[in-house]
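**Q**
Protein chains: 2
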Amino acid sequence: MRPYRELTRGELLALKDELEAKYREFQGRNLKLDMSRGKPSKAQLDLSMEMMDVLHSGVDLTCEEGVDCRNYGVLDGIKEAKELLGAISEVNPENIIIYGNSSLNVMYDTVSRAMTHGVMGGTPWCKLDKVKFLCPVPGYDRHFAITEFFGIEMINVPMTPTGPDMDIVEKLVAEDEAIKGIWCVPKYSNPQGISYSDETVRRFAALKPAAKDFRIYWDNAYSVHHLYDDDQDIVLEILEECAKAGNPDMVYKFTSTSKITFPGSGIAAIATSKNNIEEIKKQLTIQTIGHDKVNQLRHVRFFKNLDGVKEHMKKHADILRPKFETVLDILEKELGGLEIGSWTKPKGGYFISFDSMDGCAKAIVAKAKDAGVVMTGAGATYPYGKDPHDSNIRIAPSFPEPDELALATELFVLCVKLVSVEKMLGDM
Amino acid sequence: MRPYRELTRGELLALKDELEAKYREFQGRNLKLDMSRGKPSKAQLDLSMEMMDVLHSGVDLTCEEGVDCRNYGVLDGIKEAKELLGAISEVNPENIIIYGNSSLNVMYDTVSRAMTHGVMGGTPWCKLDKVKFLCPVPGYDRHFAITEFFGIEMINVPMTPTGPDMDIVEKLVAEDEAIKGIWCVPKYSNPQGISYSDETVRRFAALKPAAKDFRIYWDNAYSVHHLYDDDQDIVLEILEECAKAGNPDMVYKFTSTSKITFPGSGIAAIATSKNNIEEIKKQLTIQTIGHDKVNQLRHVRFFKNLDGVKEHMKKHADILRPKFETVLDILEKELGGLEIGSWTKPKGGYFISFDSMDGCAKAIVAKAKDAGVVMTGAGATYPYGKDPHDSNIRIAPSFPEPDELALATELFVLCVKLVSVEKMLGDM
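Residue numbers (the working numbering), protein chains in the order written: chain V, 32 to 459; chain D, 32 to 459.
In C-alpha cells form, the structure reads like this:
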C-alpha cells in the first residue's frame with residue numbers, strides 16, 4: 032500500500048470523504064465495545080470455576096504446617112502458598128510474603144511504608160524535600176498513579192526493544208540521590224509486551240544508585256502469561272542477579288494470580304531479600320493479623336504446583352492468542368505500508384501498543400469513543416497522563432468477544448486513518 | 032471468705048506454702064494452654080463450614096447489579112455486601128465501603144492515609160511536629176500498636192462503667208489541636224466488655240475538638256456478638272448521633288465478619304459520612320482495583336440478611352457463653368471475698384478484664400506461663416505496654432476447649448493468690 036505521505040492534497044481529500052462515510056456508518060450501528068483495560072474475558076474466568084469446588088464443608092482446611100486456615104494467624108502466608116507463588120515468581124519460598132487479593136495494593140503499601148517509615152533505616156520520604164521515580168515509558172498507568180498520589184516526581188525514561196534505556200537509567204540513579212525507585216514490568220511489559228534482555232536485567236542488578244534506599248519496583252505481572260507454547264520470552268531472575276552483583280536488597284518483585292484465576296479474588300505476593308522481608312514484616316504485623324489463608328489454600332489445592340499453573344495458562348493462551356492475532360491481522364491488513372502507525376507484536380501479556388503519527392492519539396481515541404469503542408485514554412501510558420508526542424495508544428484485546436473485537440479493531444483502524452488524513456491536511 | 036489483708040503474717044506464710052505446693056503440682060502436669068488472644072474455637076469455626084458450599088462451579092457469580100464478581104471492578108463493594116455490613120453496622124449501605132479481610136488493616140490504612148495525605152484538606156500528619164491520640168484504658172493492644180508505629184503520642188483516658196471518662200475526653204480534645212483521634216470499642220469493649228451508655232455516645236457526638244481533622248475511631252468489633260439472647264447491650268448509633276449534633280464527618284466506624292465467619296477470611300468495612308466516603312475513595316482508587324468480590328458474594332449468599340447473621344451469632348453464643356461462665360464461676364468461687372482482684376462480667380464480646388492488686392499483673396502472667404498457661408502479656412492493654420498500676424490482665428476464654436479452660440482458669444486463680452500473698456509478705 033502507498034504511504035499516506037505520498038498522497039496529494041486532492042487524493043487525501045477524496046480519502047477523507049470516503050473514510051468519513053465509513054465512520055458515519057459505524058456511528059449508526061450503536062456499538063458499545065470496550066478495549067480499554069486488561070480484563071480477562073468470561074471464557075477465561077470460566078477456566079477457574081473448578082477452583083470453587085476444591086474447598087467445601089467436607090474438606091479439612093488445615094494447611095501443611097498444621098494451622099487451621101479458618102482462624103487468625105500466619106502473617107506471611109501458608110507454606111504451600113509461598114511455594115506456589117515462589118515457583119511462579121522463580122524465587123525461593125523464604126523470599127516470599129503472601130498478601131491479599133491485589134499486587135497493586137502491595138505496591139501501594141510498599142511506597143506508602145517508604146513515605147512514612149523510610150526504607151531500611153533511611154529517612155522517611157515524607158520528610159524529604161523531593162522524591163523521584165524513574166518511569167519507563169510507555170508504561171502502566173496504575174503504577175504512575177501511585178507515585179503521583181504520593182507527590183513523587185516522575186521522570187520519563189524511554190523504552191527500547193530490550194527494556195528501558197539503561198544508559199539513561201544508570202546515569203540518573205548514580206547522579207541523583209532523590210531518585211528512590213523505578214517502575215518496571217520486565218516481562219511482556221504493559222503496554223508494549225517487551226521482555227527485558229539479559230543485558231538489561233544484568234545492568235539493573237549492577238546499578239550503583241546514589242540513594243541507599245533506591246529500589247527497583249519489579250512488577251512481574253505476566254510471569255507465566257505466554258501466548259505461544261513454543262515461543263516464550265524468558266527473563267533473567269532479578270533477585271538472583273542482584274545478589275550476584277552485590278545488591279541483594281535492591282529489588283522488590285511483585286506478582287499475583289489476578290490474571291491466572293479471578294482478578295480481585297486471587298492472591299498476591301512480594302518476593303525480595305530476607306533483609307527486606309524482615310523489614311516489611313515489622314510493618315505487616317502492625318497492619319494485619321494475616322491475609323486470607325482459606326483463599327491461599329483454595330489456590331494451592333486447585334493448582335497443586337507450577338505444572339498445574341502452566342497447564343492452566345495454556346488454556347488462557349488458547350483463548351487470548353486468536354484475539355491478539357485478530358487485532359494484529361487487521362492492523363497489518365488495514366494499516367500496513369501506510370506509514371501512519373506502528374505497533375508491537377507481543378508473545379505474551381495483555382496488550383498491544385500502538386503508536387500513531389505525532390499529535391494524533393487523543394483524537395483517535397476520541398473518535399473511537401464517539402462511535403462506541405472505548406480505548407485506554409490516550410496519554411494514560413505516560414506519567415501525569417502526558418504523552419509528549421500524543422502518539423501512544425494501548426490496545427487491550429482480552430475482554431471483548433472475538434466478533435466484537437474484530438469490529439472494534441476495524442473501527443479503530445478507520446479512526447487512525449481518518450485522524451491521520453485530517454492531521455496531514457491540517458499540516459499542509 | 033476472709034480478705035487476705037486480714038491475715039496475719041503467719042497465716043500468709045502458711046498459705047504461701049500451701050499455694051506453692053499446688054503450683055508445683057500444676058507445673059508437673061506439663062500444661063500447654065492458651066488464653067491470650069480472642070480467637071474463636073474450632074467448634075465456632077465449624078459453624079460457618081456451610082459457607083464453603085454456597086459458591087461452587089455450578090453457581091452464577093454475578094451480583095445483583097449484574098457485575099461478574101470473578102472479574103476486576105467495583106471499588107467499594109458489591110451492593111448486597113454493603114447492605115449486609117450496613118445492617119450489621121446499623122448504617123445505610125451508602126455509608127459503607129467494603130474492604131478486604133481485616134478491619135485492623137482498614138484502621139491502619141485510615142491512619143496511614145492521614146499521615147501522608149491528611150484528613151479532608153488538613154495538613155498531612157507526617158508534616159506536623161506532634162500528633163496525639165486519646166486511648167481509653169484498658170484497651171486493645173493492636174489499636175495502640177498502630178498509633179505507636181506511626182509515632183503518634185498516646186494519652187491514657189480511664190474507662191468507667193459507662194465508657195471513657197468523657198469529662199477528660201471533652202476537655203482534652205477541646206484544648207489540644209494535636210489530638211487527632213481517639214480509639215474506641217464502644218460495644219463489649221476490649222478487654223472489659225463495657226458498652227458505652229447513651230450519654231457517653233451523645234457526648235462523643237457533641238465533642239468540640241480543636242482539631243478540624245479530629246476523628247473518632249469507632250471499632251464496632253462486637254456489634255452482634257452477644258452472649259445472651261435476653262440480655263443484650265444496645266449502643267446508640269454514632270453516625271446518626273454525630274449528624275444530629277452537627278458533626279456528621281467526625282467518626283469512622285469499623286466492622287468485620289472476623290468473629291462471625293472465619294477470622295482472616297471474612298470481609299471488613301468502614302462506615303462513615305458521605306464526605307468521608309468520597310475522600311477515602313480518592314485513595315482507594317489508587318490503592319486497588321477492588322477487593323475480593325467473590326468472598327463478598329459468598330458471605331451474602333450464606334447469611335442472606337441480618338436475621339441470618341443473628342441466628343448464626345446465637346450459635347456462637349451457645350458455645351461462648353458456657354466458657355465465660357466457667358471462668359466467671361471459678362473466679363467467684365476462688366477469689367470472691369479475698370479482695371485481691373476484681374473482674375468484669377461482660378454480656379458479649381471476647382474478653383474478661385481482671386484487675387489484680389497493684390504491682391502484681393506481670394508476676395501473675397509470668398507465673399501462669401511458667402506452668403504452661405499463656406495469658407495476654409501484662410501491660411498489653413495499655414499504650415506502650417505500660418500499665419501504670421501493673422494490675423490489668425485480659426482473659427480470653429474463647430479458644431481453649433471447655434475442660435482446658437477450667438484447668439487454665441484454676442491455674443490462673445492460683446497464680447493470683449500466690450503472687451498476692453508474696454506481694455503482701457514483701458510489703459510487710
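For glycine and all other residues, C-beta sits at the position ideal for the given N, C-alpha and C.
Give me the subset of the segment 150-163 of chain V whose CB atoms are less than 8 Å from a CB atom of chain D, sorted by chain position.
**A** Answer in chain order: 155, 157 and 158.
**Q** Identify each residue in the segment 80-91 of chain V for which the Cβ-Cβ distance to at least one residue of chain D is less than 7 Å, and report them in chain order.
**A** Going along the segment 80-91 of chain V in chain order, one finds 80, 81, 83, 84, 86, 87 and 88 with a Cβ nearer than 7 Å to chain D.
**Q** What residue range does the beta strand (DSSP E) around residue 285 of chain V cover?
**A** Counting along the chain, the beta strand (DSSP E) containing residue 285 of chain V begins and ends at 282-287.
**Q** Quick one: complete alpha helix (DSSP H) runs, 4+ long, within the segment 101-188 of chain V?
**A** Segments of the alpha helix (DSSP H) lying fully in the segment 101-188 of chain V: 110-120, 134-148 and 172-180.
**Q** Which of helix, strand or coil does DSSP assign to residue 248 of chain D?
**A** It is a strand residue.
**Q** Between which residues of its own chain and residue 204 of chain V is the CB-CB distance below 8 Å, once the five residues before and five after are set aside?
**A** Only 165, 210, 213, 238, 239, 240, 241, 242 and 245 meet the Cβ criterion.
**Q** Which of the residues in the segment 165-179 of chain D, read from start to end, lie with their CB under 7 Å from any CB of chain C?
**A** Among the protein chains in the structure shown, which are V and D, there is no chain C.
**Q** Given this structure, state the Cα-to-Cα distance separating residue 215 of chain D from residue 250 of chain D, to the nearest angstrom.
**A** So the alpha carbons of these two residues sit roughly 6 Å apart.
**Q** Classify residue 145 of chain D as buried or exposed, calling it buried when 16 or more other Cβ atoms lie within 10 Å of its own Cβ.
**A** Looking at its Cβ environment, which holds 16 or more other Cβ atoms inside 10 Å, residue 145 of chain D is buried.
**Q** Can you give me the C-alpha to C-alpha distance between residue 149 of chain V and residue 38 of chain V, rounded to a whole angstrom?
**A** Using only the alpha carbons, I get a separation of about 58 Å.
**Q** Quick check: what's the CA-CA separation for residue 435 of chain D versus residue 221 of chain V?
**A** Approximately 56 Å between the Cα atoms of the pair.
**Q** Looking at the secondary structure, which residues open and close the beta strand (DSSP E) in which residue 352 of chain V lies?
**A** No beta strand (DSSP E) contains residue 352 of chain V, which is instead part of the alpha helix (DSSP H) from 337-366.
**Q** Taking Cβ-Cβ distances shorter than 7 Å, what residues in chain D pair up with residue 319 of chain V?
**A** Those are 133, 135 and 136, listed as they occur along chain D.
**Q** Taking only beta-carbon positions, decide if residue 462 of chain V is within less than 8 Å of chain D.
**A** For chain V, the structure presents residues 32 to 459; residue 462 of chain V sits outside this window and is missing.
**Q** Which two residues bound the contiguous alpha helix (DSSP H) that contains residue 451 of chain D?
**A** Looking at the DSSP string, the run of the alpha helix (DSSP H) that includes residue 451 of chain D is 433-458.
**Q** Looking at C-alpha atoms only, which residue of V/157, V/428 and V/198 is the closest neighbour of residue 184 of chain V?
**A** Checking every option, the nearest Cα to that of residue 184 of chain V belongs to V/157.
**Q** Look at residue 299 of chain V and residue 287 of chain V and say whether their C-beta atoms are less than 8 Å apart.
**A** Against a cut-off of 8 Å, the Cβ pair of residue 287 of chain V and residue 299 of chain V comes out as a contact.
**Q** Could you give the DSSP three-state label for residue 376 of chain V: helix, strand or coil?
**A** Three-state result, residue 376 of chain V: coil.
**Q** What distance in whole Å lies between the Cβ atoms of residue 32 of chain V and residue 369 of chain V, which are believed to be in contact at a cut-off of 8 Å?
**A** 6 Å between Cβ atoms; contact.
**Q** I want to verify the contact list: residues of chain D whose CB lies under 9 Å from the CB of residue 71 of chain V, in sequence order.
**A** Those are 101, 102 and 103, listed as they occur along chain D.
**Q** Assign residue 265 of chain D to one of two classes, buried (16 or more other C-beta atoms within 10 Å of its C-beta) or exposed (fewer than that).
**A** Residue 265 of chain D is exposed by the Cβ-count criterion.
**Q** Assuming residue 422 of chain D and residue 392 of chain D are in contact, meaning their beta carbons sit under 8 Å apart, how far apart are those beta carbons, in whole angstroms?
**A** Sure, about 5 Å apart at Cβ, within 8 Å.
**Q** Between the Cα of residue 410 of chain V and the Cα atoms of V/397, V/402 and V/401, which residue gives the shortest distance?
**A** Here the closest residue by C-alpha is V/397.
**Q** Looking at residue 132 of chain V: is its Cβ nearer than 8 Å to the Cβ of residue 296 of chain D?
**A** Not in contact: residue 132 of chain V and residue 296 of chain D (Cβ atoms no closer than 8 Å).
**Q** Can you tell me the Cα-Cα spacing of residue 77 of chain V and residue 258 of chain D, whole angstroms?
**A** C-alpha separation (whole angstroms): 43 Å.
**Q** Ignoring anything shorter than 3 residues or poking outside the segment 191-249 of chain D, list the beta strand (DSSP E) runs there in chain order.
**A** Whole beta strand (DSSP E) segments, 3+ residues: 210-215.
**Q** Taking C-beta to C-beta, are residue 372 of chain V and residue 360 of chain V nearer than 8 Å?
**A** Not a contact, by the Cβ cut-off of 8 Å.
**Q** Using the C-alpha atoms, what's the distance from residue 454 of chain D back to residue 365 of chain D?
**A** Taking the straight line joining both Cα atoms gives about 18 Å.
**Q** Leaving out five residues before and five after residue 262 of chain D in sequence, what residues of the same chain have Cβ atoms less than 8 Å from its Cβ?
**A** Taken in chain order, the residues that qualify are 378.
**Q** Starting from the beta carbon of residue 139 of chain D, find every residue of chain V whose beta carbon is closer than 7 Å, and list them in chain order.
**A** Per Cβ cutoff of 7 Å: 317 and 318.
**Q** Output needed in chain order: residues of the segment 285-306 of chain D with a Cβ under 7 Å from some Cβ in chain V.
**A** Hits within the stretch, in order: 293, 294, 295 and 296.
**Q** Counting Cβ pairs, one atom from each stretch, are 3 or more of them under 8 Å apart for the segment 328-345 of chain V and the segment 189-205 of chain V?
**A** They do not touch, by the three-pair rule.
**Q** From V/117, V/235, V/314 and V/61, pick the residue whose C-alpha is nearest to that of residue 280 of chain V; which is it?
**A** Checked all of V/117, V/235, V/314 and V/61; the closest Cα to residue 280 of chain V is V/235.
**Q** Given that a residue counts as buried once 16 or more other Cβ atoms are within 10 Å of its Cβ, and exposed if not, what is residue 442 of chain V?
**A** By the neighbour-count rule (16 or more Cβ atoms within 10 Å), residue 442 of chain V is buried.
**Q** Closest to residue 163 of chain D by C-alpha separation, out of D/171, D/182 and D/155, would be which residue?
**A** Nearest of D/171, D/182 and D/155 to residue 163 of chain D, Cα basis: D/182.
**Q** Could you tell me the distance, in whole angstroms, from the CA atom of residue 98 of chain D to the CA atom of residue 356 of chain D?
**A** Distance between the alpha carbons of residue 98 of chain D and residue 356 of chain D: 47 Å.
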